[in-house]
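The sequence shown begins at 281 in my numbering and counts up one residue at a time.
Here a beta-carbon is modelled for each residue, glycine too, at the ideal position from N, C-alpha and C.
Bear in mind that the values here come from a model prediction, so they are computed numbers and not experimental data.
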Amino acid sequence: MASKSQRRKERDGDRSTLDVSIQALGLAKDDCGIPPAQAVFGFVSALLCTIRDSMASERDYVELGLSCADVSQVLDRGLNGRQLADLSQSVLGAIEQLTTTVTEIQKDVTNRGKRNAFSRLVHAKVDKAAIAAWRRDLSRILHLFNARSAELLINNHLILLDIRRNTLSDQEGTDDQHQPIQASVPPAELPPPPKACFGRDELIEKIVGLAENLEPIALIGAGGIGKTSTALTVLHDNRIKARFGDDRRFIRCDRFPASCAHFLARLSQVVGAGIENPEDLTQLRPFLSSREMILFLDNAESILDPLGADAQEIYAVVEELSRFTNICLGITSRIFTVPPHCRRLIIPTLSMESACDIFYGIYNNGGRSDIVNDLLRRLDFHPLSITLLATTACHNAWDHDRLAKEWDTHHAQLLRTDYNESLAATIELSLTSPTFGKLGPHAREILGIVAFFPQGIDENNLDWLFPAISDIKTIFDKFRVLSLTSQNNGFTTMLAPIRDYLCPRDPASSPLLCAIKDSYFSRLSVNLYPGKPGFEEARWIRSEDVNVEHLLNVFTSVTNPGDAWDACAHFMEHLFWYKPRPTVMRKKIEGLPDDHHSKPECSFNLSQLFYSAGNYAEQKRILVRLLKLKREQGDDLRVARALTYSSYANRMLGLRVEGIQEAKEALEIYERCGDTARQAECLISLAWLLVDSGLLDAAEEAASRAINIVLVGKGEDFLVCRSHRVLGDIYSSKGEREKAVHHYEVSLGIASPFNWHNELFWIHYCLAKLFLNQKKFNDAHAHIEQAKMHAVEDAYCLGRAMEIRAGIWYVQYRFGDAASDALRALEIYEKLGAAEDARNCRASIPAIRKEKIFWSIYREFSSGGAIS
281 MASKSQRRKE
291 RDGDRSTLDV
301 SIQALGLAKD
311 DCGIPPAQAV
321 FGFVSALLCT
331 IRDSMASERD
341 YVELGLSCAD
351 VSQVLDRGLN
361 GRQLADLSQS
371 VLGAIEQLTT
381 TVTEIQKDVT
391 NRGKRNAFSR
401 LVHAKVDKAA
411 IAAWRRDLSR
421 ILHLFNARSA
431 ELLINNHLIL
441 LDIRRNTLSD
451 QEGTDDQHQP
461 IQASVPPAEL
471 PPPPKACFGR
481 DELIEKIVGL
491 AENLEPIALI
501 GAGGIGKTST
511 ALTVLHDNRI
521 KARFGDDRRF
531 IRCDRFPASC
541 AHFLARLSQV
551 VGAGIENPED
561 LTQLRPFLSS
571 REMILFLDNA
581 ESILDPLGAD
591 AQEIYAVVEE
601 LSRFTNICLG
611 ITSRIFTVPP
621 HCRRLIIPTL
631 SMESACDIFY
641 GIYNNGGRSD
651 IVNDLLRRLD
661 FHPLSITLLA
671 TTACHNAWDH
681 DRLAKEWDTH
691 HAQLLRTDYN
701 ESLAATIELS
711 LTSPTFGKLG
721 PHAREILGIV
731 AFFPQGIDEN
741 NLDWLFPAIS
751 DIKTIFDKFR
761 VLSLTSQNNG
771 FTTMLAPIRD
781 YLCPRDPASS
791 PLLCAIKDSY
801 FSRLSVNLYP
811 GKPGFEEARW
821 IRSEDVNVEH
831 LLNVFTSVTN
841 PGDAWDACAH
851 FMEHLFWYKP
861 RPTVMRKKIE
871 GLPDDHHSKP
881 ECSFNLSQLF
891 YSAGNYAEQK
901 RILVRLLKLK
911 REQGDDLRVA
921 RALTYSSYAN
931 RMLGLRVEGI
941 QEAKEALEIY
951 ERCGDTARQA
961 ECLISLAWLL
971 VDSGLLDAAE
981 EAASRAINIV
991 LVGKGEDFLV
1001 CRSHRVLGDI
1011 YSSKGEREKA
1021 VHHYEVSLGI
1031 ASPFNWHNEL
1041 FWIHYCLAKL
1051 FLNQKKFNDA
1061 HAHIEQAKMH
1071 AVEDAYCLGR
1081 AMEIRAGIWY
1091 VQYRFGDAAS
1101 DALRALEIYE
1111 KLGAAEDARN
1121 CRASIPAIRK
1131 EKIFWSIYRE
1141 FSSGGAIS
């Protein structure tokens, strides 16, 4: 707390300073021959008198008054030796604005001086805010005068008037001294705007709005994502020009050493402060606080890396810059360590439309092409990569086909132009940062692992994927901080061009990747069957199927694949049960020699995938070849298995007689072997074939026999469940609806606790058909919606659900909905290669459309009164 003597000394110093300023203003007014300027001097003199006589002890108002005095001194210097006739209208306009501002300040201060002590105390915070606002106004308008007075030549030099306000000394025991205003140096030239900034209109509009309110902004994103282009576009925006005039500044932080001294020196140079090698921000603070300014720190990760040599000192300076009320601080950075006051905006990748605009803006050779669209998708719509690809194609005058071939051959080299604008340089900048360097010797290889897997890495699996790396979670966090990776649906992944650069060129030579491969193969090694150990745990494949498929595709191609083909067979089995879909491994499996030890299992499980996709012809083709091979080898069990599932294919292909023969032959083999579970499978297939053949009593006998030889609770629950479903189909065909519903519900009760999605789908599907035939449409709808829910990972089942729902809509005269669902089902069937289903679905669509057209015409005429 200051003593009374100290406060008295401060008051005396303030009064002395004000007296000197009042006298100087009087002399300036007398010497000036320009009436508008004389008015400014008079108003400022009156303002200082008000402060001196009633408020000299209040330092905020004293400093405000001295800021006004600075205005007068600048005005006096700018008009020295000039007459009114010498001034342009723009300079006179600037003087008029200065007059208006000072007049308003004088009125405010006069009213403030009339309050009593208690009222002043109550309004202290409000007054402080008002003073800050007045000083910002002074800075802005004084800068306007500076800009417009540049036309005045004094001593053959262009006047560059400083906007610094005079400061009062804080040193105890000394009188406050009024510092003279110093002339600034020319600020650094602003870089030109980019030629185009496609796809960023909404983002730029948002940034401009924040900048107009002087809010600090941080643009965060990976290298080459377009942060710098966005920042420069903002700086050259017309609204920003109108708001900040020439006070738009841009510092490239990667162009100088990452030290606080170099940063401060560059800051002083760019803003035009004229202070060489400032020791800290204190020396720049008066200049920076004297005007409104927008300042962008580009590539700020170069100086804000928390593990850099001067990291704390630089961060403190940037953090203070973000708190200046008259400065809009903008930051572009790959790292998230920016001041907390900054509004963080993550720069996204481009849309297809914007990506095309960039590409064809550089490469314009024969119109647009789907080939280019595909390449842009492979680049993840990454702006820099698109620019480099288009530039390379343009420089080499390639057509679309040649570009596609070059990409397939050596796409990494395509992202390098003749001017060495390589994507590699952008990525390596992040990899040389102090933070990345401190992550340890495995960091680069771990990044390569993330890059290797198309889906990235599931962060829930870090512990078993990287058991030997104790701080693996911290490492992954730092990858995100450096914008090397991002999160997508629980996976840590990266943009495709970065993936391509960091991915191991020889995966088999990466010890870490080989260890992860072994971990995946170990998880795949269980044999799956509903109700058996390991079946439920295998659901993990639903989220990682693409990663495992890629791993297998790579390691089955190396010189020594080891156990990769065995893992491939298990992978096919996992897909069949949990995510049935086509696989890129098909050609490789079919290309294996017949004597390869993994060929039979891979082929059989591949045939199962074709069955689950409705492609029964392909399923049968593979099984026929496999059956021939196993007959030659005398492997009866494998012969029986192939016969059982070939009978399923023949049923769906309408070849019932052949299917019945196969099922019976397989049954005989299993009876000789005493395998009751496999016997039940054959009986279930036989029962369905007999139902389709109209032999319902024989079908009922086969299904009942299947139930009798397997028991619930003995590990064969799945076969019991399926047997009851077959009985439901049999009684439904017999017209015994209650019995059918009973068996479906028994089947439902067995499957539900295990959450067997595929079986639950077919049970609800059958119930929907049953209720549809009974014209119980609400019940049919309810069950088909349940069926759809269980088909979430099974495209073929979803197609069947859409097809049956189309039938429900049709009988309810909702032909538009029926046509929509039928077309969706057809699209799914055609994509999967389910030829029989596609043929049947395609045949139903014309009838639906015909009814739709008829009823549309009928309603139109009915509403018009043509039909009574």
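In the DSSP assignment, find the beta strand (DSSP E) that holds residue i and state where it starts and stops.
i, result
"Ser766", "766–768"
"Asp578", "573–578"
"Gly610", "607–613"
"Arg918", "Counting along the chain, Arg918 falls outside any beta strand (DSSP E), though it belongs to the alpha helix (DSSP H) covering 916–932."
"Thr773", "771–773"
"Phe530", "528–532"
Write down the C-beta distance between residue i and residue j rounded to the nearest angstrom, noting that I regard them as a contact closer than 8 Å.
i, j, result
"Glu945", "Leu970", "Actually they are not in contact, since the Cβ atoms of Glu945 and Leu970 sit about 16 Å apart, beyond 8 Å."
"Asp578", "Phe616", "With 8 Å as the limit, Asp578 and Phe616 do not qualify as a contact, their Cβ atoms being about 16 Å apart."
"Asn1038", "Asp1074", "6 Å"
"Ser539", "Ala589", "7 Å"
"Ala1102", "Glu1083", "7 Å"
Mind checking residue i: buried by the 16 CB within 10 Å criterion, or exposed?
i, result
"Ser449", "Caution is warranted here: a pLDDT of 29 is assigned to Ser449, below 50, making its placement in the model unreliable, and the coordinate value is therefore given only provisionally. Ser449 should be labelled exposed."
"Arg571", "buried"
"Pro777", "buried"
"Leu547", "buried"
"Trp744", "exposed"
"Pro315", "exposed"
"Asn1184", "Here the chain has residues from 281 to 1148 only, and residue 1184 is not among them."
"Pro860", "buried"
"Asp679", "exposed"
"Leu1052", "buried"
"Met632", "exposed"
"Val990", "buried"
"Lys507", "buried"
"Val1072", "exposed"
"Arg648", "exposed"
Roughly how many angstroms lie between the CA atoms of residue i and residue j, to the nearest whole one?
i, j, result
"Ile461", "Val761", "Unreliable placement is indicated for Ile461, whose pLDDT of 30 sits below 50; the coordinate value is still reported in the next sentence. For Ile461 and Val761, the distance between alpha carbons rounds to 44 Å."
"Arg1129", "Leu1040", "32 Å"
"Ser927", "Lys1068", "27 Å"
"Gly770", "Asp738", "6 Å"
"Cys477", "Leu1112", "41 Å"
"Cys962", "Arg724", "54 Å"
"Val904", "Val730", "41 Å"
"Leu494", "Tyr640", "36 Å"
"Leu319", "Ser325", "According to the sequence provided, residue 319 is Ala. The question's Leu does not apply to it. Rounded to the nearest angstrom, the two C-alpha atoms are 10 Å apart."
"Tyr1090", "Glu951", "47 Å"
"Leu889", "Thr839", "28 Å"
"Leu1106", "Met932", "17 Å"
"Gly489", "Ile574", "13 Å"
"Gly257", "Ala1081", "Within the shown structure, residues of the chain are numbered from 281 to 1148, placing residue 257 beyond reach of any answer."
Please report the residue range of the alpha helix (DSSP H) in which residue i lies.
i, result
"Phe851", "844–858"
"Arg498", "With the sequence shown as reference, residue 498 is identified as Ala, and Arg is not the correct amino acid for it. Careful: Ala498 lies outside any alpha helix (DSSP H), inside the beta strand (DSSP E) at 497–500."
"Ile626", "It is not in any alpha helix (DSSP H) - Ile626 instead sits in the beta strand (DSSP E) that spans 623–626."
"Thr863", "Thr863 -> no alpha helix (DSSP H), and no H or E assigned at all."
"Gln735", "It is not in any alpha helix (DSSP H) - Gln735 carries neither H nor E in the DSSP assignment."
"Val826", "821–835"
"Pro777", "776–782"
"Tyr1045", "1037–1053"
"Glu593", "591–603"
"Lys475", "Run containing Lys475: none; DSSP gives neither H nor E here."
"Asn895", "Run containing Asn895: none; DSSP gives neither H nor E here."
"Arg1094", "Element bounds for Arg1094: n/a, residue is neither H nor E."
"Ala748", "That residue, Ala748, is in no alpha helix (DSSP H); it is neither H nor E in DSSP."
"Leu792", "791–804"
Given 8 Å, three or more beta-carbon pairs between the segment 498–516 and the segment 600–618: yes
Three CB pairs or more closer than 8 Å across the segment 840–852 and the segment 878–892: yes
Stretch pair the segment 857–877 + the segment 1089–1100: three plus CB contacts closer than 8 Å: no
Three or more C-beta pairs below 8 Å linking the segment 546–563 and the segment 466–474: yes
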